[in-house]
Amino acid sequence: METFQQKVREQGFEIIKGRGISFVDSKGVKVKGSDVGLSLQTIEKQIEKNKRAQEQKQTEFIKVKQRQNTLTR
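The letter at position 43 of the sequence shown is residue 60 when you use our numbering, and the numbering goes up by one with no holes.
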């Protein structure tokens, strides 16, 4: 979640996180995340999905490297 927050801030938005999430632009306009399809739950689910996919890629990479090492011995 920290990486997401950092990237949003780099785009010039402030984040207000409570039971949900809201974004405030540089002009002070506040928008609820759910109003733009980015509810807190949706964001958290996507972050978890991305994390699992990254872990799976790393696991597969390690398996391939182990197989290569076994074949070259």
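Beta carbons: idealized from backbone N, C-alpha and C, even for Gly. This one's a predicted model, so the numbers in the text were calculated from it and none came from an experiment.
Would you identify the three-state DSSP class for residue i, choosing helix, strand or coil?
| i | result |
| --- | --- |
| residue 39 | strand |
| residue 44 | coil |
Can you give me the C-alpha to C-alpha distance between residue i and residue j, rounded to a whole angstrom?
| i | j | result |
| --- | --- | --- |
| residue 74 | residue 81 | 11 angstroms |
| residue 88 | residue 72 | 24 angstroms |
| residue 34 | residue 18 | 11 angstroms |
| residue 47 | residue 27 | 17 angstroms |
| residue 68 | residue 44 | 33 angstroms |
| residue 23 | residue 55 | 16 angstroms |
| residue 76 | residue 52 | 37 angstroms |
Please check the pair residue i and residue j, which I expect to be a contact at CB under 8 angstroms, by giving their CB distance rounded to whole angstroms.
| i | j | result |
| --- | --- | --- |
| residue 38 | residue 60 | 7 angstroms |
Note down, in chain order, each residue of its chain lying with its Cβ closer than 7 angstroms to the Cβ of residue i, except the 5 sequence neighbours on either side.
| i | result |
| --- | --- |
| residue 30 | 40, 41, 42 |
Is residue i buried or exposed, if buried means 16 or more other CB atoms sit within 10 Å of its CB?
| i | result |
| --- | --- |
| residue 135 | Since the first and last residues shown for the chain are 18 and 90, residue 135 lies out of range. |
With a CB to CB cut of under 8 angstroms and the five nearest residues on each side skipped, what residues in its chain are close to residue i?
| i | result |
| --- | --- |
| residue 25 | 32, 40 |
Counting only beta-carbon atoms, is residue i nearer than 8 angstroms to chain C?
| i | result |
| --- | --- |
| residue 39 | Of the chains in the structure shown, none is chain C; there is only one protein chain. |
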